[in-house]
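The numbering used here puts the sequence shown at residues 6 to 361.
Yeah, the Cβ is synthetic: ideal placement off N, Cα and C, and Gly gets one too.
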Amino acid sequence: MKIAILPGDGIGPEIVAQAVKVLNALDLKFEMETAAVGGAGYEAHGHPLPEATLKLAKEADAVLFGAVGDWKYDTLERALRPEQAILGLRKELGLFANLRPAILYPELAGASTLKPEVVSGLDILIVRELTGDIYFGKPRGVRVCPDGPFAGEREGFDTMRYAESEIRRIAHVAFQAAQKRSKRLTSVDKANVLETFQFWKDIVSEVAKDYPDVALDHMYVDNAAMQLVRAPKKFDVVVTGNMFGDILSDAAAMLTGSIGMLPSASLDANNKGLYEPSHGSAPDIAGKGIANPLATILSAAMMLRYSLGQAEQADRVENAVKAVLAQGLRTADIYEEGMTKVGTAEMGAAVVQALR
Ligand code: IPM
Ligand code: MG
């Protein structure tokens with residue numbers, strides 16, 4: 006089993022180191038190879054996704070990814086900015102299915118900004134399409150507006166689009182995920198305004214015929230945003246496009262109190278995947294040893310489950326994380342009075358300890 010380790014920027018290296026520690030504590034043989042990505046890739050090779058890094062990611066059975074980005078790269082031309090690394094990896098590896106679970110661990114019920122009764126026991130799964138939509142649609146750019154009331158002025162534009170097969174394949178992933186859970190699926194669209202999402206809704210409804218055991222409903226994205234904070238437990242599996250999924254998954258993450266707890270998997274058609282925490286590079290706390298490594302450790306668990314066929318080991322890692330929470334260990338982002346505050350490396354070590 007070959008794993009490409011791409012730590013990236015900001016807190017990326019610190020948190021990935023903890024997940025590697027946990028993987029190495031399992032009784033499995035991995036071949037791990039590390040490469041630079043994001044701002045680190047730009048510094049080392051002049052590109053956020055250096056060729057050697059992409060090659061390694063393509064060859065590996067799975068990719069463990071930290072985070073990319075730092076304000077200091079904001080003035081670079083877009084093609085050289087760190088974010089292009091993750092977008093490029095998703096596209097080049099065909100990672101169209103992004104699974105973003107939002108689970109509220111009972112020990113952390115107090116960490117949410119919402120009332121405990123609204124969020125306690127929350128366990129939802131956002132299935133976000135990851136390689137289409139306005140993120141990748143062409144044409145895009147800045148041009149001189151050809152006609153209409155703003156003719157002759159400069160305008161920025163992007164293209165929202167989805168091909169039928171792109172909608173079908175993500176719908177299948179979502180229906181199958183729903184079959185393994187409560188058999189309820191909400192498809193989020195903006196069919197009242199956008200052609201792309203009327204089409205999305207129609208295709209998802211067609212795919213639903215293959216899954217008569219799953220109850221499908223449709224919701225407009227604005228309403229979905231509202232329902233997510235009003236009554237999040239009404240959702241189980243949510244499927245949506247790239248743009249809406251980006252926004253809704255951040256909102257869903259925050260229901261749980263800390264984005265520092267949430268893993269994610271981005272899968273291709275053969276379950277090869279890239280695994281990354283849902284949070285970003287947090288340059289403000291980088292290098293301080295205080296970042297929460299649990300989202301990355303839980304991402305490694307998802308990797309064991311989805312790409313490496315090691316479901317039992319995945320359970321073991323997830324149980325170890327629950328155990329350290331039960332012991333009262335907390336990084337700063339999830340700290341509450343009366344708990345034991347620990348740093349990044351201590352938290353990683355505690356998970357390793359709990360595995361034993
Ligand atoms: C995410 C991030 C990325 C996205 C950025 C870093 C390009 O926000 O993974 O949600 O927009 O997809
Ligand atoms: Mg995002």
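| Query | Result |
| --- | --- |
| By DSSP's criteria, Val25 is part of a beta bridge. Which residues make up the other side? | DSSP, once it has assigned bridges, lists no residue as partnering Val25. |
| Entirely within the region 54-84 and at least 3 residues each: give me those beta strand (DSSP E) ranges in chain order. | 67-72 |
| So who's on the other strand from His284, going by DSSP bridges? | Answer by DSSP bridge pairing: none, since His284 is not bridged. |
| Determine the extent of the beta strand (DSSP E) in which Val244 is found, giving its start and end residues. | Val242 to Thr245 |
| By DSSP, does Leu2 sit in helix, in strand, or in coil? | With the chain covering only 6 through 361, there is no way to say anything about residue 2. |
| Indicate whether Asp218 and Gln184 have their beta-carbon atoms separated by less than 8 Å. | yes |
| Write down the C-beta distance between Tyr362 and Asn197 rounded to the nearest angstrom, noting that I regard them as a contact closer than 8 Å. | For the chain, the structure presents residues 6 to 361; residue 362 sits outside this window and is missing. |
| Check the DSSP bridge columns for Phe162 and list the partner residues they point to. | Gly146 |
| Along the chain, where does the alpha helix (DSSP H) that runs through Thr39 open and close? | Note, Thr39: premise wrong, no alpha helix (DSSP H); beta strand (DSSP E) at Glu36 to Thr39. |
| Does DSSP put Arg173 in a helix, in a strand, or in coil? | helix |
| Taking its Cβ as the centre, do 16 or more other Cβ atoms sit within 10 Å of Gln358, making it buried, or is it exposed? | exposed |
| According to the Cβ coordinates, are Val124 and Ala182 closer than 8 Å? | no |
| Could you pull out every residue in the same chain whose Cβ sits closer than 8 Å to the Cβ of Arg335, ignoring the five residues on either side in sequence? | Glu341, Met344, Thr345, Lys346 and Val347 |
| Taking 7 Å as the cut-off, does the CB of Asp255 come closer than this to any heavy atom belonging to the ligand MG? | yes |
| What's the gap between the Cα of Ile302 and the Cα of Arg235? | 30 Å |
| What are the uninterrupted segments assigned as alpha helix (DSSP H) that are 4 or more residues long and contained completely in the region 206-248, given in chain order? | 226-235 |
| Less than 7 Å separating the Cβ of Asp251 from some heavy atom of the ligand MG? | yes |
| Indicate the three-state DSSP secondary structure (helix, strand or coil) for Ile10 in the structure shown. | strand |
| In its own chain, which residues sit with a C-beta less than 8 Å from the C-beta of Gly99, not counting the 5 before and 5 after it? | Thr136, Asp273 and Ala274 |
| Given Ala306, which residues of its chain have a CB within under 6 Å of its CB, disregarding the five upstream and five downstream residues? | Ala319, Val322 and Glu323 |
| Following the continuous alpha helix (DSSP H) through Arg95, name the residue where it begins and the one where it ends. | Glu88 to Glu97 |
| According to DSSP, Ile129 sits in a beta bridge with which residue or residues? | Ala107 |
| Do you know whose CA, among Arg95, Tyr47, Gly51 and Val212, lies nearest Leu279's CA? | Arg95 |
| Can you find a heavy atom of the ligand IPM that lies under 7 Å from the Cβ of Leu130? | no |
| Looking at the ligand IPM, does it come within less than 7 Å of Ile91, judged from the CB to the closest heavy atom? | yes |
| Between Glu112 and Leu260, what straight-line distance do the alpha-carbon atoms span, to the nearest angstrom? | 14 Å |
| Under three-state DSSP, which class holds Ser117? | coil |
| For Phe70 and Asp152, what's the separation of their Cα atoms in angstroms? | 44 Å |
| What residue range is occupied by the uninterrupted alpha helix (DSSP H) comprising Ala299? | According to the sequence displayed, residue 299 carries Leu and not Ala. Looking at the DSSP string, the run of the alpha helix (DSSP H) that includes Leu299 is Leu299 to Tyr311. |
| Leaving aside the five residues before and after Gly88 along the sequence, list all residues of the same chain whose C-beta is less than 7 Å from its C-beta, in chain order. | According to the sequence as given, residue 88 is Glu; it is not Gly. Here the set comprises Val73 and Gly74. |
| Have a look at Ile8 and Lys120 and give me their C-alpha separation to the nearest angstrom. | 40 Å |
| Thinking just about the alpha-carbon of each residue, which of Trp205, Gly44, Gly146 and Lys143 is nearest to the one in Ile172? | Trp205 |
| Kindly list the residues whose CB is nearer than 7 Å to the CB of Gln142, restricted to its own chain and excluding five residues on each side of it in sequence; keep chain order. | According to the sequence shown, residue 142 is Gly rather than Gln. Cβ neighbours of Gly142 beyond the five flanking positions: Asp163, Thr164, Met165 and Arg166. |
| With DSSP as the reference, please indicate the residues paired to Val193 in a beta bridge. | Met224 |
| Comparing alpha-carbon positions, which option in Val21, Leu92 and Arg133 lies nearest Pro53? | Leu92 |
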